[in-house]
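Residue numbers (the UniProt record's numbering), protein chains in the order written: chain A, 1 to 222; chain B, 1 to 222.
Rendered as structure tokens:
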């Protein structure tokens with residue numbers, strides 16, 4: 001019985017790791033769609049999002065079944081609850097990639113981003129994708145050290161995001177209000193994506209240590 | 001034993017209801033601070049946010065203890081899991097009120113909002129606060145009908161939010177890029193606050209019906 005239970009727990013972790021890969025891929029493609037004004041890639045991200053939602057539902061159902069049938073305690077209970085939270089964050093990361101793709105589609109064939117800020121988004125996109133792939137590793141290895149590495153990558157995203165605002169707020173911003181609104185929202189999508197990746201990693205630390213390093217995907221107010 | 005368990009479950013629901021009141025009050029004050037450029041009120045919201053975080057931690061700990069010690073099944077299990085999700089959404093609502101208050105503080109003594117959009121925020125603020133208070137009622141009564149009412153209030157917030165973008169995107173927007181960036185982010189904070197209130201209500205429907213009407217606090221990409 002307990003053996004079967006641990007097999008199921010492993011399957012749940014595998015599902016979460018697969019979700020991390022899904023949302024990393026989604027954000028990679030969404031960023032490509034954004035930078036290259038590539039409509040076909042944007043459409044692919046948009047239609048693939050339903051798979052992320054399904055994966056989340058499957059994770060949650062398996063977690064519920066585990067709780068109801070096995071009544072786990074201690075670390076096993078923490079693992080199942082961390083999985084429920086992680087699935088929620090990963091679904092949200094998928095939504096944020098979807099928002100980026102929809103922005104690319106909305107402005108197509110025009111590029112969304114003025115050339116001046118393109119580099120910032122290329123960099124935020126790269127780090128965001130790396131964070132999602134690191135989250136996959138943390139889920140697989142439950143390595144506390146690796147989880148902490150995510151925090152410094154997240155700090156980089158926050159730095160770029162803040163810098164973006166100084167660029168936007170500059171009186172010399174020449175690209176108009178509509179572009180500023182797009183850049184504001186897109187910057188926030190990347191920043192939140194990174195926050196949620198960190199949140200997934202923190203939940204995994206909780207599984208290992210039993211102590212939660214801060215609650216939830218906290219974010220900057222800008 | 002089962003008696004003590006249901007008492008604890010009631011206590012958990014009471015804690016969530018109290019959190020709903022906390023975040024409703026926070027958003028009410030944050031909106032006042034925003035509309036009146038009232039620094040003292042903004043500071044109060046900012047310092048009170050730690051209480052919301054503490055309340056969330058307390059909810060989560062009680063929920064974990066219930067799962068570990070009582071191993072609930074069926075509706076009781078769903079109730080505890082819904083409580084964990086609701087606590088997460090409520091904490092997030094507190095963060096969003098905090099962001100509004102911080103925007104008011106950042107621009108003080110200047111008003112954040114151009115007069116032209118002030119009315120939209122007054123209205124979004126009112127509905128957002130009402131949603132949080134309705135969430136409290138749904139938690140207390142588990143009334144599926146009341147939960148559905150929240151959805152139509154949320155639609156109103158979405159409508160105002162979308163209209164705000166048409167105002168911003170108008171070539172005649174005369175208030176400059178910095179104001180547009182503030183309005184963009186603030187609009188999003190209200191919209192997300194409303195989404196999370198709906199998410200709390202949906203979780204309560206799940207408790208009663210065992211069926212989840214859509215996952216998570218889904219949002220518009222603008």
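C-beta: ideal position from N, C-alpha, C; glycine also.
Residue i touches chain B at which residues, Cβ-Cβ below 9 Å?
{"i": "residue 81/A", "result": "60, 63, 64, 67, 81 and 84"}
{"i": "residue 77/A", "result": "64, 67 and 68"}
For residue i, count neighbouring C-beta atoms within 10 Å of its own C-beta (all shown protein chains included) and say buried if the count is 16 or more, exposed if not.
{"i": "residue 99/B", "result": "buried"}
{"i": "residue 110/A", "result": "exposed"}
{"i": "residue 174/A", "result": "exposed"}
{"i": "residue 19/B", "result": "buried"}
{"i": "residue 3/A", "result": "exposed"}
{"i": "residue 197/B", "result": "buried"}
{"i": "residue 16/A", "result": "buried"}
{"i": "residue 1/A", "result": "With a pLDDT of 49 at residue 1/A, under the threshold of 50, the predicted position of this residue should be treated as unreliable, though the coordinate-derived value follows. Burial call: exposed."}
{"i": "residue 80/B", "result": "buried"}
{"i": "residue 50/A", "result": "exposed"}
{"i": "residue 183/A", "result": "buried"}
{"i": "residue 22/A", "result": "buried"}
{"i": "residue 73/B", "result": "exposed"}
{"i": "residue 278/B", "result": "No information on residue 278/B is available, as it lies outside the stretch 1 to 222 that chain B covers here."}
{"i": "residue 40/B", "result": "exposed"}
{"i": "residue 159/B", "result": "exposed"}
{"i": "residue 154/B", "result": "buried"}
{"i": "residue 209/B", "result": "exposed"}
{"i": "residue 31/A", "result": "buried"}
{"i": "residue 36/A", "result": "exposed"}
{"i": "residue 204/B", "result": "buried"}
Name the chain A residues whose beta carbon is nearer than 7 Å to that of residue i?
{"i": "residue 71/B", "result": "71"}
{"i": "residue 178/B", "result": "169"}
Give me the Cα-Cα distance between residue i and residue j, rounded to the nearest whole angstrom.
{"i": "residue 83/A", "j": "residue 114/B", "result": "44 Å"}
{"i": "residue 206/A", "j": "residue 166/B", "result": "44 Å"}
{"i": "residue 147/B", "j": "residue 136/B", "result": "10 Å"}
{"i": "residue 192/A", "j": "residue 104/B", "result": "22 Å"}
{"i": "residue 56/B", "j": "residue 89/B", "result": "9 Å"}
{"i": "residue 202/B", "j": "residue 141/B", "result": "13 Å"}
{"i": "residue 150/B", "j": "residue 29/A", "result": "35 Å"}
{"i": "residue 134/A", "j": "residue 143/A", "result": "10 Å"}
{"i": "residue 161/B", "j": "residue 121/B", "result": "9 Å"}
{"i": "residue 164/A", "j": "residue 152/A", "result": "19 Å"}
{"i": "residue 34/A", "j": "residue 101/A", "result": "7 Å"}
{"i": "residue 186/A", "j": "residue 176/B", "result": "19 Å"}
{"i": "residue 189/B", "j": "residue 188/A", "result": "11 Å"}
{"i": "residue 24/B", "j": "residue 48/B", "result": "12 Å"}
{"i": "residue 38/A", "j": "residue 170/A", "result": "29 Å"}
{"i": "residue 69/A", "j": "residue 93/A", "result": "30 Å"}
{"i": "residue 46/B", "j": "residue 107/B", "result": "15 Å"}
{"i": "residue 86/B", "j": "residue 14/B", "result": "12 Å"}
{"i": "residue 123/A", "j": "residue 71/A", "result": "44 Å"}
{"i": "residue 27/B", "j": "residue 27/A", "result": "32 Å"}
{"i": "residue 215/A", "j": "residue 53/B", "result": "Unreliable placement is indicated for residue 215/A, whose pLDDT of 49 sits below 50; the coordinate value is still reported in the next sentence. Each residue's alpha carbon lies about 8 Å from the other."}
{"i": "residue 168/B", "j": "residue 181/A", "result": "8 Å"}
{"i": "residue 157/A", "j": "residue 97/A", "result": "15 Å"}
{"i": "residue 75/B", "j": "residue 118/A", "result": "50 Å"}
{"i": "residue 67/A", "j": "residue 132/B", "result": "30 Å"}
{"i": "residue 139/B", "j": "residue 11/B", "result": "12 Å"}
{"i": "residue 179/A", "j": "residue 95/A", "result": "22 Å"}
{"i": "residue 145/A", "j": "residue 77/A", "result": "22 Å"}
{"i": "residue 43/B", "j": "residue 112/B", "result": "16 Å"}
Who are the neighbours of residue i on chain A, taking C-beta pairs under 8 Å?
{"i": "residue 40/B", "result": "Residues of chain A passing the Cβ test: none, with the nearest at roughly 19 Å."}
{"i": "residue 181/B", "result": "165, 168, 169, 180, 181 and 184"}
Name, please, each residue of chain B whose Cβ falls closer than 8 Å to the Cβ of residue i.
{"i": "residue 146/A", "result": "Within 8 Å Cβ-Cβ: nothing; residue 146/A doesn't reach chain B, min ~24 Å."}
Which residues in chain B have a C-beta closer than 7 Å to the C-beta of residue i? List them in chain order.
{"i": "residue 138/A", "result": "Here the premise fails: no neighbours, minimum Cβ distance about 20 Å."}
Would the region 56-75 of chain A count as touching the region 4-17 of chain B if we require 3 or more Cβ pairs under 8 Å?
no
Which ranges would you report for the beta strand (DSSP E) in the region 73-131 of chain A if only whole runs of at least 3 residues count?
The qualifying runs do not exist here; there are none.
Threshold first: 4 residues or longer. Then list the alpha helix (DSSP H) segments lying entirely within the UniProt domain "PhoU" (122-203) of chain A, N to C.
144-169
Kindly confirm or deny that the region 122-136 of chain B and the region 181-195 of chain B touch, where touching means at least three C-beta pairs closer than 8 Å.
They touch, by the three-pair rule.
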